[in-house]
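To start, the structure itself, in structure tokens.
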Amino acid sequence: MPNFDLSGKRALVTGANTGLGQGIAVALAEAGAELVLVGRSSSTETLELIAQLSGPATPSEIKADLSDLEVVQGLIGEAEQASGPIDILINNAGIITRADAVDFTEADWDSVMDVNIKSVFFLSQAFARSALAANRTGKIVNIASMLSYQGGIRVASYTASKSGVMGLTRLLANEWARKGINVNAIAPGYFATNNTAALQADSERNTQILERIPAGHWGKPEELGGAAVFLSSSAADYVHGITLPVDGGWLAR
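The working numbering puts the first residue of the sequence shown at 19, with every later residue one more than the last.
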């Protein structure tokens, strides 16, 4: 029988204060995991949602700016010192900048790349170093995007970073699968979050997007949770290096 139970596991979720990260954190807590919530701002709402569940321990919370490499490299150590060994890492935090490619600035590029791909690598590295040193197994789940497959428009650094997440997921899986660390990714489709607020507000683009989604609606953050629980659980022990689309059928069109 597949085992999706995460009882006794401790998961660190970045960008857990809102949107997809919040949906993932709540789903992991429902599956029994103890949570360490990481966000630039307070995760008060996520804490309240988890408190409504029966069973899971009260999550710990760390405020962190993932654009700061020194902060990223110390985050696993800080979390483990406060809460104990981390078994599951969810690299969810991400930002987006929209501008025509001819107008994109270096700051537009660097700010997104620092959070969306640089922090993913160095946080995964710190997680793996800790796990390997203690001879522990572990699960890493990165959050990719539909733009890991497609080009998009007016989001040059976001597309580059999310394409990088898919490639990095494969690379790390190749290196760490034999060492007991599963590295996989989820590619969310069009979900109703802060990052997509501009698209939802654009009536023409909103209509175009909805017409292509076979499920007929924008995704809700809680609809991403099942995939995260699966890839974090022992049910996925032989799953390495995949990027799993959760997109309402978008890529099937």
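Glycine residues also receive a C-beta, built at the ideal position from the N, C-alpha and C atoms.
Pick out whichever of the options has its Cα sitting closest to the Cα of residue i.
{"i": "Ala195", "options": "Ala146, Val89 and Lys81", "result": "Ala146"}
{"i": "Ile171", "options": "Arg223, Ser129 and Asn153", "result": "Arg223"}
{"i": "Asn202", "options": "Ala144, Asp118, Val133 and Ile108", "result": "Ile108"}
{"i": "Leu141", "options": "Gly92, Ala100, Asp128 and Thr187", "result": "Gly92"}
{"i": "Phe248", "options": "Leu87, Ala215, Ile204 and Ala270", "result": "Ile204"}
{"i": "Ala45", "options": "Arg271, Thr261 and Glu241", "result": "Glu241"}
{"i": "Met184", "options": "Gly37, Val159 and Ile199", "result": "Val159"}
{"i": "Leu269", "options": "Pro239, Ile227, Val54 and Ala246", "result": "Ile227"}
{"i": "Gly266", "options": "Leu190, Leu55, Ser148 and Pro239", "result": "Pro239"}
Taking all protein chains shown into account, decide if residue i is buried (16 or more other Cβ within 10 angstroms of its Cβ) or exposed.
{"i": "Tyr208", "result": "buried"}
{"i": "Ala49", "result": "buried"}
{"i": "Glu52", "result": "buried"}
{"i": "Val120", "result": "exposed"}
{"i": "Asp105", "result": "buried"}
{"i": "Arg271", "result": "exposed"}
{"i": "Thr32", "result": "buried"}
{"i": "Lys81", "result": "exposed"}
{"i": "Thr62", "result": "exposed"}
{"i": "Pro77", "result": "buried"}
{"i": "Lys197", "result": "exposed"}
Could you tell me which residues DSSP puts in a beta bridge with residue i?
{"i": "Val56", "result": "Thr32 and Ile80"}
{"i": "Lys180", "result": "DSSP lists no partner for Lys180."}
Once the 5 residues before and after residue i are set aside, which same chain residues still bring their CB inside 8 Å of it?
{"i": "Gly73", "result": "Gly50"}
{"i": "Leu165", "result": "Val173, Tyr176, Thr177, Lys180 and Ser181"}
{"i": "Thr214", "result": "Tyr208 and Trp236"}
Leaving aside the five residues before and after residue i along the sequence, list all residues of the same chain whose C-beta is less than 6 Å from its C-beta, in chain order.
{"i": "Gln218", "result": "Asn224"}
Task: beta strand (DSSP E) segments (min. 3 residues) lying fully within the region 102 to 130 - done: List check, beta strand (DSSP E) in window: 106 to 109.
TODO: Could you pull out every unbroken alpha helix (DSSP H) segment of at least 4 residues lying fully inside the region 181 to 221, listed in chain order?
DONE: You should have 215 to 219.
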